[in-house]
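Participant: In terms of the numbering used here, the sequence shown has 131 at position 113, counting the first letter as 1, and numbering is strictly consecutive. We put the beta carbon where it would ideally sit given N, CA and C, even for glycine.
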Amino acid sequence: MALIISLLLIDFALTTALSWLNLAYLKRRAAAPLPPEWAALLDTSRFPQMVAYREAHTWLAQGARITDLAVTVGILLSGLLPALARWAAALPAARVVQGLAVLAVLGAISYLAGLPWGLLSDFGVERKFGFSTITWKTWLSDQAKSLLLALVLGVPLAGVLLFLIERMGETWWLPAWGFVTLFQLLVAYIAPVVILPLFNKFEPLQDEALREDIFALARKAGFPLGGVFQIDASLRSTHSNAYFTGFGKNRRIALFDTLLEQLSPSQILAVLAHEIGHWKKRHVLKGMVGGILLSGLGLAVVAWVLARPWLYTVVGLEDLYRAMGPVGPVAAVGLYLFGVVASPLGLLLSPIANGISRRREYEADAYSLELYDHPTALEEGLIRLTEKNLSNLFPHPLAVIFYYSHPPLLRRVEAIRRRVAAQMGEGR
Ligand SMILES: [Zn+2]
C-alpha cells in the first residue's frame, strides 16, 4: 500500500511541477519581444488573454488533480474497497452482477469527484474567456445522454470481462482481447450514425462551392469520401475543429460550424488536406493496429496482476479472495487497483506515444502541401486556429515531450516554410 501511495504522490508531484513550469515558461516567452519574422505573423494583442486563459486552466487542472488524489487515497485507506466487496458479495445475484455493482459505485464516486471541475470549466473559465455558449438545459441533457451511453456500452463490456475472468482462469485475457477489439471496432463503426448525432446535429455542408472543392480534393488524393457535414458545435462552445469519422465508403468529414466561420475556404481545404494526409500515410490504420496490440498487452498484464494474492492482501480482502478466488467483486476491486497504478505508469509511456503522434503531424502537414497547392493556406489556417482557440503558443519543451500530441505551432510553421521553400526550389 505504501508503494501504491508513493507512486500516486510521485505522479502528482511530477504532473504538478510540469504544469506550473509550463505556465511560467509561457509567461516569460509571451512577455519577451518576438523575433521580427514572428512579430509580423502573430497577433501579440491576444497574448495577455492567452496567458490568462492558460493560467485559469492550470488552476482548474490543479484543483482536479488534488481532488483526484484525495479521493483515490481516501478510497484506498478508508477501508471502502473491502467493505464494498463484502457488501456486493452478499447480494443475492450472480458474481458478475456483484462485480458490476462494485464498479458502478467506484465509477459514480469518480464521476462526482470530477463534476465540480467540469462545471467550473464549462460555466466559469470557458464562459469568462468567451468560449462556452452552453446552456444548463444542454448541459443536463449531455450528462443524461453520457450516463446512458456509459451504461449501454460499459455494462456489457465490463460484464463480459467479469464473465470471462470467472470462467476462463488466468487465460481469460485472450478471449477478452478478441472481444474488446470487436467491441471497439463496432463502436467506431456505429459512432457516426448512432452516437455522435445524439450530441450534435449533422447537416450536409451548406456552402456548395466549398463542398465541391472538398470532393475534388478527396478525388485527387484517392480518398473515399462519403459526405461532408457541418455540425452545430456552437451549441456548446466557440472552439473550432474538424474531424473524420467512419470506415470504408462511409467516411465522412464533420466541420464545426465555428470552423466555417473562422477560416477562409482555402484555409479549410489546407486543413482538410492535412487530415487526408493522416489517412494517406496510413496513420489511422497504424493507430488502430497499435491500439489493438497495446490493449492485448494491457489485458495480459491485468490478467497476471489479478491472479496475484498480494493485490488483495494490500486492501484487506485476502479472506474473500481465498473464499471465491479472483472473480466477481474481488476481480472488480482488482481491476480498480490496477487502474490506480496504471495511470502513473502511463505517464512514462506518454512521451513515446506523443513523440510518434508529433512526427505524424509533420508528415500530414507535408502531405497537405503536396495535395493542396497553396503556399500559405496551411500555415495561415493553423495560426488562425491557434489564436482563435487561445492555444499555448509557447509550451515548455518538457511539457511538449509529455503532453503534446501536436507540435507547437511555431515549430510546425517553420517546418511548413522549409518544405514550401524546397518545393519552390524544385519547381525552378
Ligand atoms: Zn493532424
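1) May I ask you to list the residues that DSSP assigns as paired with Ser255?
2) What number of angstroms, rounded off, separates the C-alpha of Leu118 from the C-alpha of Phe197?
3) Over what stretch of residues does the alpha helix (DSSP H) that includes Glu55 continue unbroken?
4) Could you give the DSSP three-state label for Gly245: helix, strand or coil?
5) Return helix, strand or coil for Ala260, following the three-state DSSP convention.
6) Where do the N-terminal and C-terminal ends of the beta strand (DSSP E) with Arg270 fall, by residue?
7) Going by beta carbon distance, what residues of the same chain come within less than 7 angstroms of Val418, once the five residues before and after it are set aside?
8) Which runs of the beta strand (DSSP E) fall wholly inside the stretch 110-160 and span at least 3 residues, in chain order?
9) What residue range is occupied by the uninterrupted alpha helix (DSSP H) comprising Pro66?
10) Verify the contact flag: Ala291, CB atom, against every heavy atom of ligand 1, threshold strictly below 7 angstroms.
11) Starting from Phe220, trace the beta strand (DSSP E) in both directions and tell me its first and last residue.
12) Please check the pair Ser255 and Phe149, which I expect to be a contact at CB under 8 angstroms, by giving their CB distance rounded to whole angstroms.
13) With a Cβ-Cβ cutoff of 8 angstroms, do Asp275 and Phe217 count as a contact?
14) Quick one: residues in its chain with C-beta nearer than 6 angstroms to the C-beta of Met68, no 5 flanking neighbours on either side, listed in chain order?
15) Taking only the alpha-carbon atoms, compute the straight-line gap between Ala439 and Lys299 and give it to the nearest angstrom.
16) Smallest Cα separation from Leu311: which of Gln202, Pro415 and Gly244?
17) Should Ala384 be listed as close to ligand 1, given that the test is whether its C-beta is under 7 angstroms from any heavy atom?
18) Glu379: beta carbon under 7 angstroms from a heavy atom of ligand 1?
19) In whole angstroms, what separates the C-alpha of Leu59 from that of Ala236?
20) Using the C-alpha atoms, what's the distance from Phe356 back to Arg104?
21) Can you say whether Gly447 is buried or exposed, counting buried as having 16 or more other CB atoms within 10 angstroms of its CB?
22) Can you look up Phe265 in the DSSP assignment and give me helix, strand or coil?
23) Does at least one heavy atom of ligand 1 sit under 7 angstroms from the Cβ of His296?
24) At a cut of 8 angstroms, does the stretch 132-139 reach the stretch 71-85 through at least three beta carbon pairs?
25) Report, in whole angstroms, the separation of the C-beta atoms of Val120 and Val351, which I expect to be a contact under 8 angstroms.
26) Cα separation between Ala239 and Arg113?
27) Please report the distance separating the alpha-carbon of Ile208 from that of Leu167.
28) By the three-class DSSP mapping on this structure, what secondary structure does Tyr422 have?
29) Pull up the CB-CB distance for Leu335 and Pro100, whole angstroms please, since I reckon it's below 8 angstroms.
30) Cβ of Leu416 within 8 angstroms of Cβ of Leu26?
31) Taking DSSP as the reference, what is the three-state secondary structure of Arg326?
Facilitator: Reading off the structure:
1) In DSSP, Ser255 forms a bridge with Ser150.
2) Straight-line measurement puts the Cα of Phe197 at about 18 angstroms from the Cα of Leu118.
3) DSSP places Glu55 in the uninterrupted alpha helix (DSSP H) bounded by Pro54 to Ala57.
4) Looking at Gly245 - three-state DSSP - the assignment turns out to be strand.
5) Here Ala260 sits in strand by DSSP.
6) DSSP places Arg270 in the uninterrupted beta strand (DSSP E) bounded by Arg270 to Phe274.
7) The answer, listed in chain order, is Pro426.
8) Listed in chain order, there is nothing to give.
9) Membership of Pro66 in the alpha helix (DSSP H) is indicated by the continuous run Phe65 to Leu95.
10) Checking the Cβ of Ala291 against ligand 1 gives no.
11) Phe220: member of the beta strand (DSSP E) spanning Phe220 to Pro222, first to last residue.
12) About 5 angstroms; that satisfies the 8 angstroms criterion.
13) Against a cut-off of 8 angstroms, the Cβ pair of Phe217 and Asp275 comes out as no contact.
14) Non-local C-beta neighbours of Met68 in its own chain, meaning closer than 6 angstroms and more than five positions away in sequence, comprise Leu408, ordered along the chain.
15) Distance between the alpha carbons of Ala439 and Lys299 is about 22 angstroms.
16) Of the listed residues, the one whose Cα sits closest to Leu311 is Gln202.
17) Checking the Cβ of Ala384 against ligand 1 gives no.
18) The answer is yes for Glu379.
19) Taking the straight line joining both Cα atoms gives about 30 angstroms.
20) Roughly 19 angstroms separates the two Cα atoms.
21) In the structure as shown, the chain begins at 19 and stops at 446. Residue 447 is therefore absent and cannot be evaluated.
22) In this structure, DSSP gives Phe265 a state outside helix and strand, which the three-state scheme calls coil.
23) Residue side-chain check: His296 places its Cβ nearer than 7 angstroms to a non-hydrogen atom of ligand 1.
24) Three or more Cβ pairs closer than 8 angstroms define a contact, and the stretch 132-139 meets that threshold against the stretch 71-85.
25) Confirmed, Cβ separation roughly 6 angstroms.
26) Annotation: Ala239 to Arg113 spans about 53 angstroms, alpha carbon to alpha carbon.
27) Those two C-alpha atoms are separated by around 13 angstroms.
28) Correct three-state label for Tyr422: coil.
29) Contact between Leu335 and Pro100 holds: CB atoms are separated by about 5 angstroms, below the 8 angstroms threshold.
30) No, Cβ-Cβ distance for Leu416 and Leu26 is not below 8 angstroms.
31) Here Arg326 sits in coil by DSSP.
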